[in-house]
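Worksheet: one structure, shown below.
In the UniProt record's numbering, the protein residues as written are 1 to 255.
Structure representation (structure tokens):
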């Protein structure tokens, strides 16, 4: 009798276990959670790309004093007028048959109907980071565009510049290389000397030279009306004053 009672009890217990197992559900990942994870990954990728692009554009800056460089040629295209600036060092290298040195910056100003419209910059460096600037270059040259106020022109398609200059690979991706080869740097130096002399000459009129005491700085001779009693007067006085002013002018440029 005990044997028959035990068997039904075991059958009931097994039935309850099977029912419990069949009611267990697999864990379901909420759809919103999966969506959030995907959105987070996409956002991180987008941020990474934006940071990369930001780093790339910040590498190329508009030189503050590019107009103090060499304006080596101009170009007229219909209503557009262009000015090209670079450094004396770059022109000297080209004229000596050497490659344009790393660090060279070429600046192109474009006027439309006599109004400055945009500025392009080409910069050559042998240490560009390929991870940061992968598609903005021809060889060692990278490009950037700026508006007339010098702010970054993010709407400009730099790819057009790259495609255009790609055909000049034999000339180091440069247009107007011949103008750099033939530019007269000696004439430029002469113009600078002439400008300095004109400055000194224009400011020396009416000046005189008098003898002063080395310790007190007091004049040892009196200046009378009309320049009388000057230690030197006339051409000699003017030459001394010119030399002093010229030296002051040159020192100001060097500083």
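Ideal Cβ placement from N, Cα and C applies to all residues, glycine included.
Reference residue i, options the options, closest by Cα
i           : options            : result
residue 169 : 146, 139, 71, 181  : 139
residue 162 : 131, 187, 123, 184 : 123
residue 89  : 182, 70, 83        : 70
residue 188 : 115, 72, 64        : 72
residue 184 : 92, 60, 68         : 92
residue 79  : 114, 118, 105, 153 : 114
residue 181 : 76, 59, 95         : 95
Buried/exposed call for residue i, threshold 16 Cβ in 10 Å
i           : result
residue 164 : exposed
residue 174 : buried
residue 103 : exposed
residue 77  : exposed
For residue j and residue i, the rounded distance between their alpha carbons
i           : j           : result
residue 45  : residue 129 : With a pLDDT of only 43 at residue 45, under the threshold of 50, the placement of this residue in the model should not be trusted; the figure read from the coordinates follows. In a straight line, the C-alpha of residue 45 is about 20 Å away from that of residue 129.
residue 100 : residue 172 : 8 Å
residue 148 : residue 112 : 11 Å
residue 86  : residue 107 : 6 Å
residue 167 : residue 142 : 15 Å
residue 126 : residue 109 : 25 Å
residue 178 : residue 116 : 26 Å
residue 156 : residue 98  : 32 Å
residue 65  : residue 137 : 24 Å
residue 59  : residue 152 : 12 Å
residue 144 : residue 176 : 19 Å
residue 75  : residue 67  : 16 Å
residue 154 : residue 119 : 12 Å
residue 131 : residue 105 : 22 Å
residue 83  : residue 186 : 20 Å
CB-CB length for residue i against residue j, believed under 8 Å
i           : j           : result
residue 121 : residue 146 : 7 Å
residue 159 : residue 62  : So it is not a contact: roughly 20 Å between Cβ atoms.
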